[in-house]
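Notes follow once the structure below has been shown.
There are 2 protein chains.
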Amino acid sequence: MWQPDRHSRQPLYEQIAADLQRRISSGEFPPGSLFPSERKLAERLGVNRSTVVAAYDELRSIGLVESRTGSGTRVNEIRRGAMSLHAPNWSRYAEDGSFLPNLPYMRKIREAVARDSSLIDLASGELSADLAPSGEFAALLGDYRYDAYWGYDNPQGYMPLRQALVSYLDRHRGIRTTETSLMITSGSQQSLYLITQCLLSPGDAVAVEDPSYCYSLPMFQSAGLRPFRLPVGDRGINPEDVFALYKKHRIKMLFLNPNFQNPTGTVLVPERRKRLLEIASELGLPIVEDDPFSLTAFDRDVPAPLKAEDAGGSILYIGSFSKIAASGLRIGWMVAPRSVVERLADARLQMDFGLSVIPQQVAAEFIKSASFEPHLERLRKGLRLKRDLLIEALRERLPGLVAFDTPRGGLHLWCKLQREVHDGRLLDEALKRGLAYVPGSVYGSDSGFVRFTFARPQEGEIADGVARFAGALRKAIV
Amino acid sequence: MWQPDRHSRQPLYEQIAADLQRRISSGEFPPGSLFPSERKLAERLGVNRSTVVAAYDELRSIGLVESRTGSGTRVNEIRRGAMSLHAPNWSRYAEDGSFLPNLPYMRKIREAVARDSSLIDLASGELSADLAPSGEFAALLGDYRYDAYWGYDNPQGYMPLRQALVSYLDRHRGIRTTETSLMITSGSQQSLYLITQCLLSPGDAVAVEDPSYCYSLPMFQSAGLRPFRLPVGDRGINPEDVFALYKKHRIKMLFLNPNFQNPTGTVLVPERRKRLLEIASELGLPIVEDDPFSLTAFDRDVPAPLKAEDAGGSILYIGSFSKIAASGLRIGWMVAPRSVVERLADARLQMDFGLSVIPQQVAAEFIKSASFEPHLERLRKGLRLKRDLLIEALRERLPGLVAFDTPRGGLHLWCKLQREVHDGRLLDEALKRGLAYVPGSVYGSDSGFVRFTFARPQEGEIADGVARFAGALRKAIV
């Protein structure tokens, strides 16, 4: 009897659906005939019932079968001798596109988090519900009397939000800019996407931190870029390394996350920032400065962004609400020379035709509201408390097994494991115990590192999460 | 004296900014020195003052100059001998990316509409404010007590909206699907973008209607696709042409807008739909069915979508709220085999990380609300009235000069001019008179066609708009 191939890259449910489709075509299941029950077929193939459910769903979605509660799944009666029809070879279409699928570890983690709501999530790089300004947003929406026109917006973004961000950037980050040099995007993600798609070409060399959030983004590979590494030490990257990479590979852009770097939590020291700006100007090299975490600084002590000192016009500055308010708002921004902003705004017309006005209005009202500063204050306190709970639990549960620097801002803690482990095994053991975290290799590091996000779990979950991790670690030590 | 090159592809303001930057570097304008006033420099170079304003703004955005009200624009005092610094060559970066700029006609129209609010807009393919359900939306937002978590959403879209759309599609379009086979996108635009980027590769041949909305989208060229034409007659495209294109060019996908086609308003007749489905199944050829206008059918008489009869699973079905509710909501959807939806949802994580939850909640509430059906009824009546006003004005003001079929749904009227005209000249003359429309060549047709959108102007503006067009036409007749 046919069995799915467990080593194939094709998901099990797709293999099962394809096999059933062949059996329908061959006449084994004529129109109107009944399929085996999901439970029965799952047993026969030795797979989870949910896998068979997904396979039947796939066949339903292409109109081959129909399910009714109580009477099972039947092959459709189709006019026009449809049994000889065939659907497009969708899996070939999906494989041929230029977009690489997301990393397997990330997909596995995302699926586990989505499936099991009781899982303790130290993986998702976002705030927990109690840290988000949900009450403030609800109040703004409730008060808001929307009567303006709901038409297509300017592709650079809603003007009142751009105006609000100009004073926000001046006040909070010392960046002086104008509405015409600022563009609203769907989080930092879309800013990065627009930059890699519109300002770079396949084959271009770029420099990224090592480790870096960028490695978790197949985006760079999808755009055909060649990333070269800049090791991150406890004072950030070494600017002279940029020089060397430029000489050797003619890098065309540098991607940098200078404050509370993701994943290491490092802050790039001021003297290295100065030198970086000099090098960028000397080489005419653009730097993408990703700055999502600065406003979380627990002791409010954080260097000025490179953009604030950018006399040479080398910096594309990216910010976002995702890590300081709500990722579900999908509001980010980019500050860049006007010519760049206009180019990217034009290109985005081809992609999404701009963002919805509603979240942009909410964001603009929120920045200008009296509740913005108190929210930030509460956020910093809440994050600091969670960081301390995580560190306490790590010291208690894993003495001598982990090493880390204490982050002074951001959402993450970067841990080096002091024993040799198998990365994939450790993750599987943790997920089995209802704990998600991100293996360091996702960020391009060697194995033996993990990133814990303390912002996402509830305070009461942190110690339990670390205990589960300790259990998994014991199993995975080589 | 230096003068900008008016035949260059580089915008005038960029040329002027680059020249000024050279003068700063060369020491002609030392740090602290005053630039000429905007008015004076504009006179000297023979350009509009707004061009100089844009050039100064560009220099401000890269930190080279600073303006203060009353004291003009000065070269910045910069530390570290910054005068030898140079900014990245941004215009080269912008040109090198793989994205083509949008079409010059479209940019010109968009800029004119954005600049002059008194202009009569028969160009923008969207509803006027009075046709949009602004009151209904305001009521929904006002009532809505949002207290759920504002985190990252499922990349396939907000589940309650997907559920609402499953019954919407069943009720209104006879399409039976499931939440797992449906994905929420930022309007039809993002559905098309995901399909061209993720399911096709550079060099692939595709078939598109002629004329077609698709030609207004450099998206196809940006993705490196080779589009082949299917002429649209008064009964739609001829299915046998698809066969011929497949044999000759191995087309990999067909893009179709079967109901009230944009721009011609044509409805593809049912017997041709049947034949198309047969051909698609025989060839294993996917068809993208773009269906934004069906619910506008003025006499509620419109054929079922191909997707409703898609036994072979060949159809990727695209819908949107943009033409029946509000384009500014940015809500569209795609119905596709589950494997395709999962692939595209995964890819979109790299682009925008999903949509904001707020507009998705508004859309879900709106479809389920008691005000949805009455809104559609009001919309159909309003559109029909505007169509009649447009036709009346065309008959009165341009007798014998234009020929058209009366559209029975949609937002547009497609006109053939009965005299030879110069397309670009006609558009310039119309814009000069405060009227925007779209030249047919934007949709890939020969010159001598225009698309009028009757949905966008106020009822009272339509006759005046046609009068302005008549004035422009008299000037542009060859």
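Chains as they are written, first to last, in the working numbering: chain A, 2 to 479; chain B, 2 to 479.
Note that the Cβ used here is the ideal one computed from N, Cα and C, for glycine as well.
Nothing here was measured: the structure is a model prediction, and the numbers come from that model.
Distance between beta carbons of residue j and residue i, contact taken as under 8 Å
i, j, result
"Asp496/A", "Gly64/B", "The requested residue 496/A is not part of the displayed model; chain A covers only 2 to 479."
"Val270/B", "Val303/B", "With a Cβ gap of about 12 Å, Val270/B and Val303/B do not count as contacting."
"Leu356/A", "Arg331/B", "6 Å"
"Gly73/B", "Ser38/B", "6 Å"
"Leu201/A", "Met160/A", "Not really, about 29 Å apart at Cβ, beyond 8 Å."
"Ile280/B", "Val363/A", "Contact doesn't hold; Cβ gap of about 48 Å is too wide."
"Gln22/A", "Leu60/A", "7 Å"
"Val443/B", "Met184/B", "Not really, about 29 Å apart at Cβ, beyond 8 Å."
"Ala309/A", "Arg174/A", "7 Å"
"Gly266/B", "Asp144/B", "Actually they do not touch by this definition, with Cβ atoms about 38 Å apart."
"Ala113/B", "Ala437/B", "6 Å"
Beta-carbon proximity of residue i to residue j, cut-off 8 Å
i, j, result
"Val336/A", "Ile176/A", "yes"
"Ser328/A", "Glu137/A", "no"
"Lys206/A", "Arg230/A", "Here residue 206/A is Ala; the residue named in the question, Lys, does not match the sequence. For Ala206/A and Arg230/A, no; Cβs fall outside 8 Å."
"Ser213/B", "Asn260/B", "no"
"Asp132/B", "Gly410/B", "Inspection of the sequence shows that residue 132/B is occupied by Leu rather than by Asp. Result no, Cβ atoms of Leu132/B and Gly410/B do not sit closer than 8 Å."
"Tyr57/A", "Val66/A", "yes"
"Ile17/A", "Val76/A", "no"
"Val342/B", "Ser182/B", "yes"
"Arg273/B", "Gly237/B", "yes"
"Val467/B", "Ala365/B", "no"
"Leu317/A", "Pro287/A", "yes"
"His423/A", "Thr454/A", "no"
"Leu402/A", "Leu418/A", "yes"
"Ala456/B", "Ser129/B", "yes"
"Ser370/B", "Leu141/B", "yes"
"Gly188/B", "Gly333/B", "yes"
"Val451/B", "Gly435/B", "no"
"Ala326/A", "Phe367/A", "yes"
From the options, residue whose alpha carbon lies closest to that of residue i
i, options, result
"Leu278/A", "Leu257/A, Val76/A, Gln459/A, Asn263/A", "Leu257/A"
"Ala43/A", "Glu67/A, Leu246/A, Tyr14/A, Leu60/A", "Tyr14/A"
"Pro232/A", "Ala224/A, Leu246/A, Leu412/A, Asn77/A", "Leu246/A"
"Ala165/A", "Glu180/A, Leu195/A, Gln419/A", "Glu180/A"
"Gly425/A", "Gly33/A, Trp91/A, Arg24/A, Lys109/A", "Lys109/A"
"Ser315/B", "Asp347/A, Lys433/A, Val54/A, Asn90/A", "Asn90/A"
"Ser9/B", "Gln362/B, Pro134/B, Pro375/B, Ser92/B", "Ser92/B"
"Cys416/A", "Glu59/A, Gly33/A, Ile392/A, Ala115/A", "Ile392/A"
"Ser446/B", "Asn263/B, Ser168/B, Ala371/B", "Asn263/B"
"Pro240/A", "Glu210/A, Gly225/A, Gly333/A", "Glu210/A"
"Leu345/A", "Gly449/A, Ser370/A, Thr186/A, Thr297/A", "Thr186/A"
"Pro203/A", "Ala224/B, Asp406/B, Leu377/B", "Ala224/B"
"Arg420/A", "Ala437/A, Asp429/A, Leu399/A", "Leu399/A"
"Ser51/B", "Cys199/B, Leu141/B, Arg116/B", "Arg116/B"
"Gly152/B", "Cys199/A, Ala139/A, Ser135/A, Ser168/A", "Ser135/A"
"Pro293/B", "Ser321/B, Ser68/B, Leu284/B, Arg301/B", "Ser321/B"
"Leu1/B", "Pro31/B, Val243/B, Glu290/B", "Beyond the ends of chain B as shown, which are 2 and 479, falls residue 1/B; an answer cannot be given."
Residue span of the alpha helix (DSSP H) that contains residue i, given as start and end
i, result
"Lys476/B", "463 to 477"
"Gly333/A", "From DSSP, Gly333/A is part of no alpha helix (DSSP H) but of the beta strand (DSSP E) over 333 to 336."
"Gly188/B", "188 to 199"
"Phe367/A", "358 to 369"
"Val76/B", "That residue, Val76/B, is in no alpha helix (DSSP H); its beta strand (DSSP E) goes 73 to 76."
For residue i, the first and last residue of its enclosing beta strand (DSSP E)
i, result
"Cys215/B", "Run containing Cys215/B: none; DSSP gives neither H nor E here."
"Lys417/B", "413 to 418"
"Glu290/A", "288 to 291"
"Leu425/B", "Going by the sequence as given, residue 425/B is Gly instead of Leu. Segment 424 to 433 is the alpha helix (DSSP H) holding Gly425/B; no beta strand (DSSP E) there."
"Thr52/A", "Where Thr52/A is concerned, there is no enclosing beta strand (DSSP E), although the alpha helix (DSSP H) it sits in stretches over 50 to 62."
"Glu421/B", "Per DSSP, Glu421/B belongs to no beta strand (DSSP E) and is neither H nor E."
"Phe256/A", "254 to 257"
"Arg45/B", "Here Arg45/B belongs to no beta strand (DSSP E); instead the alpha helix (DSSP H) covers 39 to 46."
Specify whether the region 115 to 124 of chain B and the region 448 to 463 of chain B touch according to this definition: at least 3 beta carbon pairs, one from each stretch, less than 8 Å apart. Output reads yes: the region 448 to 463 of chain B touches the region 115 to 124 of chain B.
Inter-stretch contact (C-beta, 8 Å, three-pair minimum) for the region 386 to 397 of chain A and the region 205 to 224 of chain A: Judged by Cβ distances under 8 Å, the region 386 to 397 of chain A makes no contact with the region 205 to 224 of chain A, as fewer than three pairs qualify.
Kindly confirm or deny that the region 155 to 174 of chain B and the region 468 to 476 of chain B touch, where touching means at least three C-beta pairs closer than 8 Å. no
Under 8 Å: do the region 338 to 354 of chain B and the region 189 to 206 of chain A share three or more Cβ pairs, one atom per stretch? yes
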